[in-house]
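Enquirer:
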Amino acid sequence: MTQFTDLGLNPLLLKALEGEGYHTPTPIQAQSIPHLLKGHDLLGIAQTGTGKTAAFALPILHKLAANKEPRRRHACRALVLSPTRELASQIADSFRTYGRHLGLTIAVCFGGVGVRPQAMQLAQGVDVLVATPGRLIDHLDGRAVNLGSVEVFVLDEADQMLDMGFIHAIRRILPGLPKSRQNLFFSATMPKEIGALAAEFLKDPVKVSVTPVATTAERVEQQVIFVEAAHKRNLLARTLREVVKGRTLVFARTKHGADRIVRHLEQDGVRSAAIHGNKSQGQREKALAEFRSGRTPILVATDIAARGIDVDGVTHVINFDLPNVPESYVHRIGRTARAGAEGSAISFCDADERAYLRDIEKLTRQKIPATDGRADQSTPLELFSAKPQTKRQGGNGGNAGGRARPQGGFGGAGRGSHGSHPSRGGDYGHSRDGQGDGRSPAAAGASQQHASSQGRGQGHGGNAGRGSGHASGFGGRPGGRDGAPAGAPAGRPRRPRYKGPASRSAQS
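Encoded structure:
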């Protein structure tokens with residue numbers, strides 16, 4: 001088996017690797033490093049968690065140390081572009097760790113923090129600059145850095161760059177680079193747009209592809225729970241109480257969704273924190289630090305922010321929302337299967353997400369074990385063992401009432417089921433005891449006093465036919481605080497909740 005000592009790396013790099021306890025390179029490292037040491041361009045298809053950062057950091061450090069030059073003001077010799085702040089910070093930390101005996105200067109630049117301290121460091125000149133595209137353009141516009149001395153250019157997580165809309169920024173950066181440079185291009189997937197970009201600036205590249213998509217998925221014990229969207233909150237709280245015992249990542253599809261999950265968990269007495277693009281850099285760093293230390297055992301993240309999460313010991317990944325891009329599912333669950341470790345992934349799937357699940361199973365080439373969510377919320381969860389239910393049954397009661405209004409809050413709707421798909425109860429309108437009718441949106445919401453005293457509601461299935469069209473559900477929750485007595489005139493109907501486009505563009 002190949003060892004780092006067999007790759008011809010600088011002895012001071014080997015000393016640093018020895019100090020970190022690294023002896024055997026990962027497949028992407030063993031395949032890439034020899035070609036990079038020879039100066040070839042490289043196209044690497046590898047997912048997060050395969051060790052690709054060291055695959056390009058080690059040969060870059062080797063090259064810079066072998067040809068040391070006086071640092072020139074406003075210049076850098078190696079440029080690494082990364083899509084997120086967290087990932088940029090971690091890449092810079094890796095360069096510092098591996099190159100700590102070489103006397104090279106490493107700088108990292110990203111948004112969310114002040115420009116001036118970064119500009120002052122760049123003015124002195126650096127050996128390696130790791131940056132996000134937007135902040136690098138800020139420094140280029142401010143003439144804090146000049147890219148004319150770049151010897152090695154790395155574009156990392158290129159597919160995520162595309163999803164985040166950074167391709168135009170990259171095309172603006174490229175003309176400032178010298179033509180005689182070594183180019184390294186890494187991406188987890190290779191859509192047409194990324195392939196076209198790679199063809200533009202790679203010169204006779206060596207192609208290295210490791211860890212097929214299915215390999216990561218096969219290392220993770222996976223489970224899907226079919227559940228109505230309104231009941232995901234309760235299911236998450238129960239899963240965290242009854243199943244999950246260790247460090248857990250919860251994924252949401254949107255930033256606001258991530259914040260909403262944290263608020264709900266706080267109400268349920270579960271400590272958690274969110275990390276996404278709307279958080280300041282200080283908030284993100286604090287959340288990650290507390291997650292690593294175990295002070296905050298639950299971290300709620302969006303796909304984009306999660307690209308920079310490199311934390312060992314994550315035992316579970318919970319997909320509160322299934323991703324609309326199937327490759328993102330593999331990235332998510334890979335957070336609990338780092339460096340060959342095993343982990344568990346639990347995904348909640350509502351009726352609107354069934355198509356996403358089919359795409360995921362097609363990509364991973366495996367059928368994910370599934371179970372139906374229990375209507376009886378007092379029954380203990382039996383994840384990874386429960387058999388799917390075939391009996392048609394009444395759904396749960398409706399959602400909480402709406403905002404406080406003089407005419408009463410919007411009452412919760414019951415849910416029944418007919419055929420193979422659950423039918424919705426009334427979403428709004430008057431509903432004595434939280435009662436709604438699936439055949440048409442029921443009218444008016446019960447007041448707080450009335451709904452709280454009645455406790456249970458009746459969910460009527462629409463299109464009475466197959467299944468138990470009139471099964472009882474558990475309670476419509478109270479209406480607004482200032483609600484009128486039961487039977488008050490109906491309020492204005494709510495607009496249906498917007499669930500976002502079902503496109504393949506990543507959302508955060």
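So the sequence shown is numbered by UniProt numbering: it starts at 1 and just counts up by one.
C-beta: ideal position from N, C-alpha, C; glycine also.
(1) In chain order, what residues of the same chain have a beta carbon less than 8 Å from the beta carbon of residue 161, not counting five sequence neighbours either side?
(2) With residue 509 as the anchor, note down where its alpha helix (DSSP H) starts and where it stops.
(3) Can you give me the Cβ contacts of residue 294 inside the same chain, cut-off strictly under 8 Å, excluding the 5 residues immediately before and after it?
(4) Measuring only the C-alpha atoms, how far is residue 108 from residue 61?
(5) Suppose the cutoff is 8 Å on Cβ atoms and the five residues either side in sequence are ignored; what does the same chain contact list for residue 142 look like?
(6) Taking the alpha carbon of residue 53 as the reference point, which residue from 355, 23, 185, 233 has its own alpha carbon closest?
(7) Output the distance between the C-alpha atoms of residue 320 and residue 187, rounded to the nearest integer angstrom.
(8) Is the region 363 to 370 close to the region 222 to 229, with three or more CB pairs under 8 Å?
(9) Per DSSP, which one or two residues make a beta bridge with residue 187?
(10) Could you round the C-beta distance between residue 46 and residue 104 to whole angstroms and report it? I think they count as a contact, below 8 Å.
(11) Give me the Cα-Cα distance between residue 102 and residue 190, rounded to the nearest whole angstrom.
(12) Under the three-state reduction of DSSP, which class applies to residue 36: helix, strand or coil?
(13) Give me the DSSP bridge partner(s) of residue 182.
(14) Using the beta-carbon count (16 or more within 10 Å), is residue 422 buried or exposed?
(15) Check whether the region 308 to 316 touches the region 278 to 297, counting contact only when three or more Cβ pairs, one atom from each stretch, lie closer than 8 Å.
(16) Assuming residue 97 is part of the alpha helix (DSSP H), what are its boundary residues?
(17) For residue 298, write down the residues that DSSP places opposite it in a beta bridge.
(18) In whole angstroms, what is the alpha-carbon distance linking residue 140 and residue 146?
(19) Between which two residues does the beta strand (DSSP E) holding residue 220 run?
(20) Along the chain, where does the beta strand (DSSP E) that runs through residue 348 open and close?
(21) Would the region 296 to 303 and the region 247 to 262 be scored as touching if the rule is three or more Cβ pairs under 8 Å?
(22) Under a Cβ-count criterion, where at least 16 other Cβ atoms within 10 Å of its own Cβ denotes burial, should residue 412 be classed as buried or exposed?
(23) Run through DSSP, which three-state label would residue 372 get?
(24) Residue 77 lies in the beta strand (DSSP E); which residues open and close that run?
(25) If distances are taken between C-alpha atoms only, which option among 75, 354, 210, 344 comes closest to residue 121?
(26) Taking only the alpha-carbon atoms, compute the straight-line gap between residue 33 and residue 263 and give it to the nearest angstrom.
(27) Where DSSP assigns a beta bridge to residue 209, which residues make up the other side?
(28) Taking the CB atoms as reference points, tell me whether residue 40 and residue 210 lie closer together than 8 Å.
(29) Can you look up residue 23 in the DSSP assignment and give me helix, strand or coil?
(30) Taking its Cβ as the centre, do 16 or more other Cβ atoms sit within 10 Å of residue 195, making it buried, or is it exposed?
(31) Name, in chain order, the residues that DSSP records as bridge partners for residue 319.
(32) List the residues that DSSP assigns as beta-bridge partners of residue 131.
(33) Helix, strand or coil: how does DSSP classify residue 451 here?
Expert: From the atom records:
(1) Counting only Cβ-Cβ distances below 8 Å, and skipping sequence neighbours, we find 81, 83, 133, 155, 167, 170.
(2) With the chain covering only 1 through 508, there is no way to say anything about residue 509.
(3) 247, listed in sequence order.
(4) Between residue 108 and residue 61, the alpha-carbon positions lie close to 16 Å from each other.
(5) Here the set comprises 115, 119.
(6) Out of 355, 23, 185, 233, the CA that lies nearest to the CA of residue 53 is found in 185.
(7) It is roughly 26 Å from the alpha-carbon of residue 320 to the alpha-carbon of residue 187.
(8) As far as the Cβ criterion goes, the region 363 to 370 touches the region 222 to 229, which means the pair count is three or higher.
(9) Residue 187 pairs with 45.
(10) At roughly 25 Å, the Cβ-Cβ gap does not stay under 8 Å, so residue 46 and residue 104 are not in contact.
(11) Taking the straight line joining both Cα atoms gives about 35 Å.
(12) The answer is helix: DSSP assigns residue 36 an H, G or I state.
(13) Listed as beta-bridge partners of residue 182 by DSSP are 152.
(14) At residue 422 the pLDDT is 36, less than 50, meaning the model places this residue with poor confidence; the figure from the coordinates comes in the next sentence. Answer is buried; the Cβ neighbour count reaches 16.
(15) Yes, the region 308 to 316 touches the region 278 to 297.
(16) From DSSP, the alpha helix (DSSP H) with residue 97 extends over 85 to 98.
(17) Among the bridge pairs identified by DSSP, residue 298 is matched with 248, 272.
(18) Put simply, the backbone Cα of residue 140 is about 7 Å away from that of residue 146.
(19) Residue range 220 to 226 is occupied by the beta strand (DSSP E) that includes residue 220.
(20) Its beta strand (DSSP E) spans residues 343 to 349.
(21) The region 296 to 303, when compared against the region 247 to 262, does touch it at the 8 Å Cβ threshold.
(22) With a pLDDT of only 39 at residue 412, under 50, the local geometry of the prediction cannot be trusted, and no value is derived from it.
(23) Reduced to three states, the DSSP call for residue 372 is strand.
(24) Note, residue 77: beta strand (DSSP E), 76 to 81.
(25) Closest by C-alpha distance to residue 121, out of 75, 354, 210, 344, is 75.
(26) If you draw a straight line from the Cα of residue 33 to the Cα of residue 263, it comes to about 46 Å.
(27) DSSP links residue 209 through a beta bridge to 45.
(28) In this structure, residue 210 does not lie closer than 8 Å to residue 40 by Cβ.
(29) For residue 23, the secondary structure class from DSSP, reduced to helix, strand or coil, is coil.
(30) Burial call: exposed.
(31) Bridge partners of residue 319: 251, 347.
(32) Answer by DSSP bridge pairing, in chain order: 81, 109.
(33) Legend: pLDDT at residue 451 = 34, less than 50; position of this residue unreliable, no value from coordinates given.
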